[in-house]
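These notes concern the structure reproduced below.
Protein chains: 2
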Amino acid sequence: MARQVTGPGRPRSEGGGQAVREALLHAARNYFSTRGFQQASLRKIAAEAQVNPAMVHYYFGNKQGLYIAMLSETATPLIEELERLNARDAGREGLQEFLRHYARTLLAQPWLPNLLVREVLFQEGEVRDDFIARFASRVSAALRGLVGRDVESGELPPHIDPALGSLGILSLILFPFIAQPAVERVFHQHIDEPFVERLTRHTVALFYGTANENEQGDRECGQE
Amino acid sequence: MARQVTGPGRPRSEGGGQAVREALLHAARNYFSTRGFQQASLRKIAAEAQVNPAMVHYYFGNKQGLYIAMLSETATPLIEELERLNARDAGREGLQEFLRHYARTLLAQPWLPNLLVREVLFQEGEVRDDFIARFASRVSAALRGLVGRDVESGELPPHIDPALGSLGILSLILFPFIAQPAVERVFHQHIDEPFVERLTRHTVALFYGTANENEQGDRECGQE
DNA sequence: TTTTTAATTAAACGTTTGTTTAAAATAGGG
DNA sequence: CCCTATTTTAAACAAACGTTTAATTAAAAA
Chain V
15 MARQVTGPGR
25 PRSEGGGQAV
35 REALLHAARN
45 YFSTRGFQQA
55 SLRKIAAEAQ
65 VNPAMVHYYF
75 GNKQGLYIAM
85 LSETATPLIE
95 ELERLNARDA
105 GREGLQEFLR
115 HYARTLLAQP
125 WLPNLLVREV
135 LFQEGEVRDD
145 FIARFASRVS
155 AALRGLVGRD
165 VESGELPPHI
175 DPALGSLGIL
185 SLILFPFIAQ
195 PAVERVFHQH
205 IDEPFVERLT
215 RHTVALFYGT
225 ANENEQGDRE
235 CGQE
Chain U
15 MARQVTGPGR
25 PRSEGGGQAV
35 REALLHAARN
45 YFSTRGFQQA
55 SLRKIAAEAQ
65 VNPAMVHYYF
75 GNKQGLYIAM
85 LSETATPLIE
95 ELERLNARDA
105 GREGLQEFLR
115 HYARTLLAQP
125 WLPNLLVREV
135 LFQEGEVRDD
145 FIARFASRVS
155 AALRGLVGRD
165 VESGELPPHI
175 DPALGSLGIL
185 SLILFPFIAQ
195 PAVERVFHQH
205 IDEPFVERLT
215 RHTVALFYGT
225 ANENEQGDRE
235 CGQE
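Heads up: the protein sequence lines correspond to chains V and U, in order.
For the first sequence, the numbering used here assigns the number 15 to the initial residue and increments by one for each residue that follows.
For the second sequence, the numbering used here assigns the number 15 to the initial residue and increments by one for each residue that follows.
Here's what the structure looks like:
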């Protein structure tokens, strides 16, 4: 991450040019996820990476090239991991497991919710359709299948609509992360690992009704 | 809205200078709600209002002045209306009525969800604290009080946590509006008046359990 | 009528932006 | 050791931004 600032010319090979690429991608993720595409300044990204702004053009062509490279570099592994999970196991435990993993992923990558909102919900960028196709649609399809099966098998109450139900599950899990700054202030909930556990349990209980015994660690819902 | 473009100098009084102010505020709401504060261009706002960019300085001091004026002009009546409602009536019907009104407000002001997200969730602007204090905190306080009362009275199942429950209700209602473009594509749900009705009913049923699919308003909050 | 005040425009100012160019310095193969 | 390709910097570019200024015209006041 730390680079020697010298004059012009090729540097005395210290790690190789790939380090510059990595530093730019890292700084780009910080800026793009917290400020959005247009508002992120190439010059400041380059400054944080301790790199000349012209290197963006050298390695990525232009600003959008850096953005797309950063997207595929950081989001693709997560998408593949979520696809592997895919909520194939139905029932209360299957959903709980899926939600727990999903929420933990969001928790471990704090830039993801912001990026999701900026890329999917607002019209910024042309990568939006691709992003929806590769992310939201797969998650929602998995959820909808699970909810539909459990309503038919009677494990979920019949007044639950598969479309509204799966959308509801997504709302309940995603919204606290999206609205994190407001939620922490207004609801006095720190969004951390215990919160994720309480949130997923609470969500599952809301849909499947109360359950007195659970098999994975008897941590009851306690405040904070 | 239509103004004559002439040379410099005070115009021959046609409606008065207040028309320019109004046109600027109207154009500002369009741009600020769809693009955010920083990304909205004063020059383009002025162009849409068919007004010289310098008029922003004349009437509002600077860009932030226009932004704040636009916020208080458009959001304040909504906040006051929501406060009047305030979810004071507990129970199934009270919540349903509150949610219906709340969602209909979001539906009728399509720029509101975007503005909410940009102003409250992201760190843009310095008006954020004020916005949270005047909007999110009051809604959440009303919801939390309602949920807490109904859990204590036994009308809501005991496994519902007041904080997580009220946050959940907010998530279920707000998220579809925030994520509208993605929701319409992925869940194939048009976000309109019938959807709002189904969404609020579904949300209430999720919390209060199944109830006969009856008409709105004439159902006692009985337990089965 | 004369003077002052209010409203508006065109033009310019100083930044900041993404991008391009030209020069410079090292690496690596011949 | 030379030559070419690679990597880097400083500087400049044109465009867009928020803002300011000076000029100009009509309304209102005297």
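Here a beta-carbon is modelled for each residue, glycine too, at the ideal position from N, C-alpha and C.
So, helix, strand or coil for residue i, using DSSP?
i: D103/U; result: coil
i: V34/U; result: helix
i: N291/U; result: Since the displayed chain U opens at 15 and closes at 238, residue 291/U lies outside it and no answer follows.
i: R26/V; result: coil
i: L170/U; result: coil
i: A117/U; result: helix
i: I205/V; result: coil
i: T224/V; result: coil
i: F51/U; result: coil
i: T20/V; result: coil
i: E238/V; result: Per-residue confidence for E238/V stands at a pLDDT of 34, beneath the threshold of 50, marking its modelled position as unreliable; the derived number appears in the next sentence. It is coil, neither helix nor strand.
i: R215/U; result: helix
For residue i, collect the residues of the same chain with a Cβ closer than 6 Å to its Cβ; drop the 5 residues on either side in sequence, then sort them by chain order.
i: Y222/V; result: R106
i: A33/V; result: none
i: Y45/U; result: A54 and I59
i: R57/V; result: P67
i: G79/U; result: none
i: S47/U; result: W125, N128 and L129
i: F74/U; result: L80 and A83
i: N228/V; result: Any reading at N228/V is ruled out, since the residue's pLDDT is 44, under 50, leaving its predicted position unreliable.
i: A41/V; result: I59, E62 and A63
i: F174/V; result: According to the sequence shown, residue 174/V is Ile rather than Phe. V165.
i: V246/V; result: Here chain V comprises residues numbered 15 to 238, so residue 246/V is not present and cannot be evaluated.
Output the boundary residues of the alpha helix (DSSP H) element that contains residue i.
i: F145/U; result: R142 to F145
i: G182/U; result: P176 to I192
i: N4/U; result: No answer is possible for residue 4/U: the residues shown for chain U start at 15 and end at 238.
i: P242/U; result: Residue 242/U is absent from the model: chain U starts at 15 and stops at 238.
Among residues of its own chain, excluding the 5 on either side of residue i, which ones have a beta-carbon nearer than 7 Å to its beta-carbon?
i: E198/U; result: H204 and I205
i: L157/V; result: A101, S180, I183 and L184
i: R43/U; result: M84, T88 and W125
i: A117/V; result: I187, V210, L213 and T214
i: T217/U; result: L113, I183, L186 and I187
i: L39/U; result: A83, M84 and E87
i: P172/U; result: V165
i: L99/U; result: F112 and H115
Counting only the same chain and skipping the five closest in sequence on each side, list residues whose C-beta sits under 8 Å from that of residue i.
i: T20/U; result: none
i: Q262/U; result: It is not possible to answer for residue 262/U, since the shown part of chain U is limited to 15 through 238.
i: A147/U; result: none
i: L121/U; result: F191, I205, D206, E207 and V210
i: T119/U; result: L92, E95, L96 and L126
Is residue i near the ligand GTP, judged by its Cβ being under 8 Å from some heavy atom?
i: S47/V; result: Looking for the ligand GTP in the displayed structure turns up nothing, as the structure carries no ligands at all.
Does the segment 213-222 of chain U come close enough to the segment 186-193 of chain U that 3 or more CB-CB pairs lie under 8 Å?
yes
Can you confirm whether the segment 150-167 of chain U touches the segment 90-102 of chain U when touching is taken to mean that 3 or more C-beta pairs between the two stretches lie within less than 8 Å?
yes
Are there three or more Cβ pairs, one per stretch, closer than 8 Å when the segment 175-188 of chain V is compared with the segment 159-167 of chain V?
yes
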